[in-house]
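Worksheet: one structure, shown below.
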Amino acid sequence: MAYQPKSYRKFVATAATATLVATAVTPAFAASFTDVSDRYKEAVDYLVNNGIAQGTTETQFGVALEIKRVDAAVMLAKALKLDTEKAPASGFTDVPERAQGAVNALKAAGIVNGKSETSYGSADQLTRGEMALILAKAYNLTGTASHSFTDVSSRYDAAVKALVAADVTKGKTPTSFGTADAIKRGEFAIFVHKLETAEVVAPTVTAVKATGAQTLEFTGTDLQNLKAENISVAGNSVATISANDDGTKATVKLTANLVPNQETVVKTTINEDVKEFKFTYTYTVNTVNVENGTFDNDTPGQKVSLLVNNEKADYNYLTANGYTVQFAAFNENGTAAPTGTINASTGELKADFGDLPNGALKYQVQATVSKAGSVLVSERATITIVNLDNAASAISEVELTNTTAASFVQKSATLVVGDTAEVSEVTIASGSDKTEVETGYKVQSSNSSVISVNNGVLTAEAPGTAKVTVTYGTLTKEINMTVAAAERKVTKVTPEVSPVKLLTGGQRTVKVTAVDQYGDPIVGDAEVTVVAPADYFTSSSLTNFDNEGKGEVALTVGSKLGSGTVYFKKDDKFLGNLGFEVTKVNNVAKQVLELTENSQSEDFTIVKDSTDDAALELELVNYTSENVKNGVAPLTGYSLKFDNKIVSAAINGNTIEVSAVKAGSTDIAVYKGDGSYVGKVTVAVVDNAPKITKVDWVNRGTVNYVGETLNFLDALEVTERENSDDVVKGITLSPASVGQVRIKDNSNSGDLYLDKDGNGTFNGEDVDLGALEIKATSNSSANLKTATNAITGTTTVAGDKGILVYTLKDKNDNIVATTSITVDVPATPVPETPAPTTGSETE
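Numbers -30 to -1, 1 to 813, taken from mature numbering (1 follows the signal peptide of the UniProt record, and there is no 0), label the letters of the sequence shown in order.
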């Protein structure tokens, strides 16, 4: 077998094909770099002599330095000889001018992507995983070789296999590719040099046969180097090629079905060596399978996926070959699914399954393919119907409440025999947005003899372990739980702060937390004794613990100065301690604005429209010269200065109450009655409420007929609901959010909202997104001007002319997007009503 020159390998960049020719180069330059060892010398020589790279200094190549993504892009564009002058702009805003041409060319060639639409990540270090993806694309590596790397995810697997097959790398160790590690300049030089100077062996094809309606099997040698341009199929074309590890077999996927019972001619052209292979394909159904799948609850035209002979079925092709297909759907319990669930002939699913109060529907689907006396029946596949408009990406948190005696939130994954618990809160994440859902999830146990589940209530039956799974739509969260035999008892009491400084004759309360041996809160009277030195304290007491295990120890201080320890005990068993120091300095050296114990927010950032973090409460705390708390200052006669566009703030007795108004930040400054300045805090307000950022309008076209009602249904893509508000599709929210966008179609307001709780009607849990308005232009006919709200709209009459403008505004009355419908109804009405088309016009 003859080796072919490097010119055999071709690289596609935009519309052009750049052919790289290896040239003999006398090694130079590397000798002048003091950090280039023999391992790197040949590679560095090649890159420097060919103008691909240069040193970081006159004496250093930077072999051990990590290479940035932008520097790797410059080298690679030079190696590939891409046109860096004419390539279209990449759209990345973080690329320095020196590298813009290189990044533009690489992106245009489909070799690189950015970290986002506007960021290339120029200053980021290039990882070995990213390097594998880039080089595999740049050098069109299609080979595949097995490896034993345990750190290569599915994203990088094909690229790494291609590099291994090309003998470019063997990994950092036999089991580690170092996917997440930053690649060094020396390593990158070696990889590029190997790919630049690799000799490619020309493939040899010895046989071709059809293995499917769109699949050919090639036999030969070095078929990993077989390209689509080497193959021509009469009346067809090549879609993909994949070879086995040793290059003796290649699977060629075609773009169209082979004509059955007719001779097909396949030609291969390799270095002007033309071969011709002929065969006649006979189509026979050998296997039938329905794929498991997830489908939207209200999208028309969805079909289950049928595989015939392990390929996507072509119904027309089956019919042309004399086969018939029949689908049947069943409920999870095996009974027949409701009529209309699936089209028996086409596999198309019902257009609208309605709202999904339980989060998802599941059916079993079976296909039967028959011809004459031959009948093949598939196994039943599971299809899941969910709301795919719901952008939920994960169940981020599941809260379990122990309901046995004293209710508390489980901190551990341990129940005690006889305990009962229930899922009290499921938090669904979608990007940065998190939403608590109250319905639509299921709870299951892997071992009912240890933990049983009945109507969502978990019961600890016997010691052991079980996996509790919470399912919401297609999302799952697994909790590995243990059932223990030993009953709960308090094992630890921890003060919030220790030590504390106290004043003689004063009083002080300190928050404490009590937990049991499993780490769960102790609730109620735990019979914990406070042991406080009598010579320092005249009295001490401990409150009962709440359902979070929190309580307070109250101390009344005597006259003795000094320091010591307060102990918490039960049955003479030590549970914790609180250090203290008593001082007699009773003055006010400074005053500090601090959050009160009752403040809703635990910091100085509040969240607009939050149910539990939208406000904070301040007090002016006195401190002695020894930095001991000395009470709270009364605020009678005091005044505040702040930006009332950001927050609302007011003095209420001895506290300052602050609530969010809009996103931003402001100082809250406190002044005495005489105008003297006391102090300030800076409060930030964030607004995490979802906002509409994009609308995919319906393209209605010109309306030229009588009797057509024009309203919100002509501008928005809407799925109508009988017993709840209609669902609006084509609305993009930022941040991506859990829940459907709906329109209040039972009113004239045109209000849109995010249905956070999924009950189909607007309530306090939901998010107001804005409203759709409709208005005719000033030069429109009088009838069109009667359209005053988007819900009822107007109905066309003969002679109507003008434009209806639809405007979507946010809840602050800011315009988000607009569209319009042209009306041109002749005086003599057009009798037929054309069907509307849909498009994706956006702002």
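A virtual CB, placed ideally from N, CA and C, is assigned to each residue, including glycine.
Helix, strand or coil at residue i [DSSP, three-state]
{"i": "residue 832", "result": "Since the first residue shown for the chain is -30 and the last is 813, residue 832 is missing from the structure and cannot be characterised."}
{"i": "Ser529", "result": "coil"}
{"i": "Lys459", "result": "coil"}
{"i": "Ser331", "result": "According to the sequence as given, residue 331 is Leu; it is not Ser. Strand, per DSSP."}
{"i": "Glu448", "result": "strand"}
{"i": "Asn784", "result": "coil"}
{"i": "Asp216", "result": "coil"}
{"i": "Ala209", "result": "strand"}
{"i": "Asn259", "result": "strand"}
{"i": "residue 814", "result": "With the chain represented from -30 up to 813, any question about residue 814 goes unanswered, as that position is not in the structure."}
{"i": "Glu392", "result": "strand"}
{"i": "Ala659", "result": "coil"}
{"i": "Ser583", "result": "Per the sequence shown, the amino acid found at residue 583 is Asp instead of Ser. If DSSP states are grouped into helix, strand and coil, Asp583 belongs with coil."}
{"i": "Phe188", "result": "strand"}
{"i": "Glu55", "result": "coil"}
Environment of residue i [buried if 16+ CB atoms lie within 10 Å]
{"i": "Gln477", "result": "exposed"}
{"i": "Ser348", "result": "buried"}
{"i": "Gln232", "result": "exposed"}
{"i": "Val244", "result": "exposed"}
{"i": "Pro173", "result": "buried"}
{"i": "Thr792", "result": "exposed"}
{"i": "Ala342", "result": "exposed"}
{"i": "Leu96", "result": "buried"}
{"i": "Asp644", "result": "exposed"}
{"i": "residue 834", "result": "Shown here, the chain extends from -30 to 813; a query on residue 834 therefore has no answer."}
{"i": "Asn782", "result": "exposed"}
{"i": "Asp684", "result": "buried"}
{"i": "Leu686", "result": "buried"}
{"i": "Leu531", "result": "exposed"}
{"i": "Gly688", "result": "Note that residue 688 is Val in the sequence shown, not Gly. That one is buried."}
Boundaries of the alpha helix (DSSP H) in which residue i is found, first to last residue
{"i": "Ala128", "result": "124 to 135"}
{"i": "residue 842", "result": "Because the chain in this structure spans residues -30 to 813, residue 842 falls outside the shown range and cannot be described."}
{"i": "Lys164", "result": "155 to 167"}
{"i": "Lys77", "result": "67 to 78"}
{"i": "Glu100", "result": "98 to 108"}
Range of the contiguous beta strand (DSSP E) that encloses residue i
{"i": "Arg39", "result": "Where Arg39 is concerned, there is no enclosing beta strand (DSSP E), although the alpha helix (DSSP H) it sits in stretches over 39 to 49."}
{"i": "Thr371", "result": "364 to 372"}
{"i": "Thr289", "result": "Unbroken run through Thr289 is the alpha helix (DSSP H), 285 to 290; no beta strand (DSSP E)."}
{"i": "Leu277", "result": "276 to 278"}
{"i": "Asn547", "result": "543 to 553"}
{"i": "Val345", "result": "344 to 347"}
{"i": "Lys471", "result": "470 to 473"}
{"i": "Tyr442", "result": "434 to 442"}
{"i": "Thr176", "result": "174 to 182"}
Nearest-angstrom Cα separation, counted from residue j out to residue i
{"i": "Gly25", "j": "Ala213", "result": "39 Å"}
{"i": "Tyr285", "j": "Gly292", "result": "11 Å"}
{"i": "Tyr776", "j": "Pro660", "result": "21 Å"}
{"i": "Ala177", "j": "Leu76", "result": "37 Å"}
{"i": "Asp325", "j": "Gly700", "result": "18 Å"}
{"i": "Glu12", "j": "Ser60", "result": "34 Å"}
{"i": "Thr238", "j": "Lys219", "result": "15 Å"}
{"i": "Thr112", "j": "Ile201", "result": "16 Å"}
{"i": "Asp268", "j": "Glu392", "result": "32 Å"}
{"i": "His117", "j": "Gly99", "result": "15 Å"}
{"i": "Gly263", "j": "Ile81", "result": "32 Å"}
{"i": "Val335", "j": "Ala299", "result": "5 Å"}
{"i": "Leu277", "j": "Lys179", "result": "21 Å"}
{"i": "Thr27", "j": "Pro66", "result": "20 Å"}
Beta-ladder partner(s) of residue i, from DSSP
{"i": "Phe247", "result": "Val236"}
{"i": "Phe297", "result": "Ala337"}
{"i": "Arg712", "result": "Val697, Tyr723"}
{"i": "Asn592", "result": "Gln561"}
{"i": "Thr625", "result": "Asn622"}
{"i": "Leu224", "result": "Val208"}
{"i": "Asn424", "result": "Val427"}
{"i": "Arg670", "result": "DSSP, once it has assigned bridges, lists no residue as partnering Arg670."}
{"i": "Tyr647", "result": "Tyr641"}
{"i": "Ala746", "result": "Leu774"}
Any chain B beta carbon closer than 8 Å to residue i
{"i": "Glu687", "result": "The structure shown contains no chain B; it is built from a single protein chain."}
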